[in-house]
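The structure appears below as structure tokens.
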Amino acid sequence: MFGRLFRSSAIKPATAFATAARFGAQSRGLATVETNIPGKTASKRVRSKSPTFERATFTIKNGPIFHGKSFGANSNISGEAVFTTSLVGYPESMTDPSYRGQIL
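All residue numbers for the sequence shown refer to our numbering, where the first residue is -17 and numbers rise by one.
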């Protein structure tokens, strides 16, 4: 009873892979890049610039000063510092609108 189920499921991935490989190679060769001319790829690859970090200080009202490197918007700000022990990752915290206007 189960032998028939296992045999058919074992065959399907191989068949699907062969079909995808056959059609994937054809459609990938016809892809257009930048110039919108079929079959011609971009001649120049543009690399992103490495980020520049400027000196930054984090000064707490009662005196301690911490030195580091800045990133993001280049501006002099003051505001509420937020320390979080959230289980959410750092990138998610940076884009969370609830932290808007705060120093994270």
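Every residue gets a Cβ at the ideal spot worked out from N, C-alpha and C, and that includes glycine.
Cβ-based neighbour list, residue i, same chain, cut-off 8 angstroms, excluding 5 preceding and 5 following
| i | result |
| --- | --- |
| Lys85 | The sequence shown places Ile at residue 85, rather than the Lys named in the question. So the qualifying residues of the chain are Phe40, Ile59, Gly61, Glu62, Ala63 and Val64. |
| Lys51 | Phe35, Glu36, Arg37 and Ala38 |
Identity of the residue in the options nearest residue i by Cα
| i | options | result |
| --- | --- | --- |
| Phe35 | Tyr72, Thr67, Ala55 and Arg82 | Ala55 |
| His49 | Ala38, Ser32 and Tyr72 | Ala38 |
| Phe53 | Ser32, Lys43 and Pro79 | Ser32 |
For residue i, the three-state DSSP class (helix, strand or coil)
| i | result |
| --- | --- |
| Thr34 | coil |
| Ser75 | helix |
| Ser57 | coil |
| Ala7 | Because Ala7 sits at a pLDDT of 49, beneath the cut-off of 50, its placement in the model cannot be relied upon, and the following sentence gives the value as read from the coordinates. In this structure, Ala7 counts as helix in the three-state DSSP scheme. |
Residues near residue i in its chain [Cβ-Cβ closer than 6 angstroms; skip 5 each side]
| i | result |
| --- | --- |
| Met76 | none |
| Ile47 | Thr39 and Thr41 |
Per DSSP, cross-strand counterpart(s) of residue i
| i | result |
| --- | --- |
| Phe40 | Phe48 |
| Phe85 | This sequence places Ile at residue 85; Phe is not what is there. The partner list for Ile85 (beta bridge, DSSP) reads Ala63. |
Close-in-space but distant-in-sequence residues of the same chain around residue i (CB under 7 angstroms, 5 per side omitted)
| i | result |
| --- | --- |
| Tyr81 | Val64 and Ser75 |
| Gly83 | Gly61 |
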